[in-house]
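Number of protein chains: 2
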Amino acid sequence: MTSSPALQARLAIREGRHIGPTHGLAPGFVQCNLVIVRQPLAYDFLVYCQRNPRACPVLEITDPGDPEPRRLAAGADLRSDLPKYAVYRQGRRMGDETRITHLWEPGLVSFLIGSGISFDQALERAGVPTHQHRWVLRTTLPTVPAGPFRGPLIVTMRWLTPAQAIVATQVTARFPWNHGAPLHIGDPAAIGADLAHPLHGLPVGTIPSEYVPCFWACGVTPQAAAEAAGIDLMITHAPAHGFISDLKSDEICLP
Amino acid sequence: MTSSPALQARLAIREGRHIGPTHGLAPGFVQCNLVIVRQPLAYDFLVYCQRNPRACPVLEITDPGDPEPRRLAAGADLRSDLPKYAVYRQGRRMGDETRITHLWEPGLVSFLIGSGISFDQALERAGVPTHQHRWVLRTTLPTVPAGPFRGPLIVTMRWLTPAQAIVATQVTARFPWNHGAPLHIGDPAAIGADLAHPLHGLPVGTIPSEYVPCFWACGVTPQAAAEAAGIDLMITHAPAHGFISDLKSDEICLP
């Protein structure tokens, strides 16, 4: 009996046979960022996501206390099916966990949010490399606040050739539920991108003249907002350790 | 001093100089469906919209008690800037109002939801007629429930020639925040479309063989769900009397 690559990957993670980042696991399936908050804050968090849809495209919201993402992956368990979780208390990252069963509460609400990893395969098919010249950066662009959630837009920067930038714009525009088209192309200073302090990636050197920096809204944005809000408890995926859904990326792209 | 056609239309409505449907007013600007509920139900309603994104693409959520849609139309007033409102109590439509200032409460939350009217102009530009052979119908397709909100998907049916249907699919796919591409083309029975009891439009006759019925998710869906839930108070736009935003349809379409 065969099962889908997504299910196989989730079981390998649940049983501890796969540890480490999920990049490259079950290619072609939508990978999601995870944010878990207590129910009283769920409304403000969801409004924040709606007001910043390019950074926070919500793909599923679980019912309070329900660890199963019934629409994106029936039978999965959000308490054990990601390889690493980050636990925040009062807005501070207190430590990482490989499962969160012992931290579960009846009022926890889980948000699965689209991730740019989901269109990497489509970019590769179109000849756009995705494994190099890639950083996560803060900008000085504000997000639209909701309740206690506010803060700067976080972006993914990729350096591409002009021809690749044009193709990448067309390809990613077809994935509005995974951040969509770039929000900026060209001078990093125009959006106040903080090249000196990347949140992810090696130090940014001088941009070679043959490349155009391209910027996409990044799913780290809502986590940063929740962190800045200093809320009591938030659990997220650890960076690069996402949730692999049963949804195929090509199923939620546009013609 | 000139002002935008959208602002002019809203002022004409506010001052009673325009009464009647908004179809054709301020062409090219996004027109929205409106749903107003009390705050305790706002979370469930928003989750319902997220779980049924093709029928309920939320474009703005106001803060509780705030009648101004600050992102879609700064300075507008949702209590007076629509020509007609429908007021529901315990799920029953009790009557229509031309303004709702006297019904306003501090805890009311307004949802502005994308509408297919917004892509009519793009369809017309592409040679697809939008004023004829158009109905709003119930189907037997269930929506995904959230809290008390549940019920069938409501669709807009248009009869198009095969060539028009292909163009209309391409054009509307570019407007994912206004229902996007058709959800079905062809036999109405495949989605249980209730041709005998249209919610809007004249009786449906026999479909001439030169036409293909095309079906889009319809923004009446969340209203029908709220109606079926029998919630204490819900205020919506009256059918065909939408809210005209400052956002241009072409600004939220995809390349």
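If you read the protein sequences in the order shown, they are chains A and B. The end of the first sequence is residue 255 by the working numbering, with every number in the run present. The end of the second sequence is residue 1255 by the working numbering, with every number in the run present. We treat Cβ as the ideally placed atom computed from N, Cα and C, and that holds for glycine.
Query                                                                                                                       : Result
Any non-hydrogen atom of the ligand ADP within 7 Å of V1035/B CB                                                            : By its list of ligands, the structure shown contains no ligand whatsoever, and the ligand ADP lies outside what it can speak to.
Chain A contact for M1001/B (CB, 8 Å cutoff)                                                                                : Legend: pLDDT at M1001/B = 47, less than 50; position of this residue unreliable, no value from coordinates given.
Distance between R1099/B and G1219/B (C-alpha atoms, nearest Å)                                                             : 21 Å
Buried/exposed call for G1016/B, threshold 16 Cβ in 10 Å                                                                    : exposed
Contacts of Y1211/B in chain A (Cβ-Cβ under 9 Å)                                                                            : Per Cβ cutoff of 9 Å: no residues; Y1211/B is ~22 Å from chain A at best.
From C214/A, W216/A, W177/A, I235/A, residue whose alpha carbon lies closest to that of K248/A                              : W177/A
Distance CB(G91/A)-CB(H179/A) smaller than 8 Å                                                                              : no
Neighbour list for Q50/A in chain C, Cβ cutoff strictly below 9 Å                                                           : Considering every chain present, this structure includes no chain C. Its protein chains are A and B.
Chain-order list of residues whose beta-carbon lies under 6 Å from that of V30/A (same chain, five-residue window excluded) : S118, S245, L247, S249
Within chain A, the residues that V1144/B reaches when beta carbons sit closer than 8 Å                                     : R71
Contact check, P1188/B vs P1213/B, beta carbons under 8 Å                                                                   : yes
The stretch 1035-1043 of chain B contacting the stretch 1122-1139 of chain B, beta-carbon criterion three pairs below 8 Å   : no
Nearest-angstrom Cα separation, counted from L1011/B out to H1241/B                                                         : 15 Å
Identified DSSP bridge partners for M1157/B                                                                                 : W1135/B, F1215/B
L202/A, buried or exposed, once every other Cβ within 10 Å from all chains shown has been counted against 16                : exposed
Proximity below 8 Å, CB of G150/A to CB of A228/A                                                                           : According to the sequence displayed, residue 150/A carries Arg and not Gly. The answer is yes: Cβ separation under 8 Å.
Check whether G1065/B and P1040/B have beta carbons under 8 Å apart                                                         : no
Nearest neighbour of A55/A, chosen from I231/A, I154/A, H197/A, L233/A [CA to CA]                                           : I154/A
Classification of E1210/B by the beta-carbon crowding that lies within 10 angstroms, buried from 16 upward                  : exposed
C-alpha gap between M1001/B and L1007/B, whole angstroms                                                                    : Residue placement at M1001/B is flagged as unreliable, the pLDDT there being 47, under the threshold of 50; the coordinate-derived value follows with that caveat. Computed Cα separation, rounded: 13 Å.
Interface partners of Y1085/B on chain A, CB under 9 Å                                                                      : Within chain A, no residue comes near Y1085/B; the closest Cβ sits about 23 Å away, beyond 9 Å.
Unbroken alpha helix (DSSP H) run spanning V171/A, endpoints                                                                : 162-173
Three-state class that DSSP yields for N52/A in the structure shown                                                         : coil
CB-CB length for L1160/B against V1128/B, believed under 8 Å                                                                : 7 Å
Cβ neighbours of A1181/B in the same chain (closer than 6 Å, five flanking residues each side left out)                     : T1169, T1172, A1173
Residues that A26/A contacts on chain B, provided the C-beta gap is smaller than 9 Å                                        : Residues of chain B passing the Cβ test: none, with the nearest at roughly 24 Å.
For L4/A, the nearest candidate out of P21/A, D232/A, G20/A, P27/A (CA to CA)                                               : In the sequence as displayed, the identity of residue 4/A is Ser instead of Leu. Per the Cα distances, P27/A.
Residue-chain proximity (A1042/B, chain A), Cβ-Cβ < 8 Å                                                                     : yes
Proximity of D1096/B and Y1085/B at Cβ, strictly below 8 Å                                                                  : yes
Closer than 8 Å at the beta carbon, the chain A residues around P1222/B                                                     : Those do not exist, as P1222/B stays about 14 Å from chain A at its closest Cβ, beyond 8 Å.
Interface positions of the stretch 151-184 of chain A facing chain B (Cβ-Cβ less than 9 Å), listed along the chain          : T169, Q170, A173, R174, P176, W177, G180, A181
Beta bridge counterpart(s) of T236/A as assigned by DSSP                                                                    : V35/A, A86/A
Same chain, Cβ closer than 6 Å to R14/A, five either side skipped, listed in chain order                                    : S80, D81
Cut-off 6 Å between Cβ atoms - residues of its own chain near S110/A, not counting five sequence neighbours on either side  : I36, T62, L78
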